[in-house]
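Right, one structure below, let's go through it.
In my numbering, the protein residues as written are 2 to 153.
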């Protein structure tokens, strides 16, 4: 079983990635033209914010200081900076970038669940947040594929 400090470190890495995701959706909202897709992105940003707050609460419960900023790792940063240029190619290109970022965050959560050896309460918090991440990933994938068929 992990110590509190190990749990806090894993949770804080997920918090950073989740904040990056919120920021990414906020950027995507600015770049997409379709109002329905815009609404989906806004909803996903709110869900990710709620997931982030849940993880931050768990860090506090463990006696830690929760992260309150994203990482903007080069890969995530590049994905969302690319949205600006992708907008010229339309909503499908923006959605492609969003789905790539969804793959990234989903992998981070899956790694934490499978490899971290978190305590039961921390694992439960991660699994709860992961449900939103998995749902978002699946929704973006389906949306992208449906748009590819339309524009195909």
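Yeah, the Cβ is synthetic: ideal placement off N, Cα and C, and Gly gets one too. Computed from a predicted structure; not experimentally measured.
Item: How would you label residue 149, buried or exposed, when you count the other beta carbons within 10 angstroms and need 16 or more for buried?; Value: exposed
Item: From what residue to what residue does the alpha helix (DSSP H) around residue 43 run?; Value: 36 to 62
Item: Count the other CB atoms, across all protein chains shown, that sit within 10 Å of the CB of residue 31; report buried if there are 16 or more and exposed otherwise.; Value: exposed
Item: Answer yes or no: do residue 51 and residue 26 have a C-beta to C-beta separation smaller than 8 Å?; Value: no
Item: How is residue 147 classed by DSSP in three states: helix, strand or coil?; Value: helix
Item: With distance defined between alpha-carbon atoms, name the residue in 109, 92 and 130 nearest to residue 28.; Value: 92
Item: Could you tell me the alpha carbon to alpha carbon distance between residue 48 and residue 15, rounded to whole angstroms?; Value: 15 Å
Item: Whether or not the stretch 59 to 70 and the stretch 110 to 118 are in contact is what I'm after, with contact meaning three or more pairs of Cβ atoms, one per stretch, closer than 8 Å; do they touch?; Value: no
Item: Report back the beta-carbon spacing between residue 96 and residue 8 to the nearest angstrom; my notes put them in contact at under 8 Å.; Value: Rounded, the Cβ-Cβ distance is 35 Å, inconsistent with contact.
Item: When the Cα atoms are used, what is the spatial distance from residue 19 to residue 34?; Value: 24 Å
Item: With H, G and I counted as helix, E and B as strand and the rest as coil, what does DSSP make of residue 118?; Value: coil
Item: State the DSSP-derived secondary structure class of residue 71, mapped to helix, strand or coil.; Value: coil
Item: Who are the Cβ neighbours of residue 130 in its own chain at under 8 Å, not counting the five residues just before and after it?; Value: 15, 19, 52, 53, 55, 56 and 110
Item: Measure the Cβ-Cβ separation of residue 137 and residue 103 and say whether it is below 8 Å.; Value: yes
Item: Just how far apart, CA to CA, sit residue 10 and residue 60?; Value: 9 Å
Item: Just to confirm the assignment, what range does the alpha helix (DSSP H) spanning residue 25 have?; Value: 5 to 32
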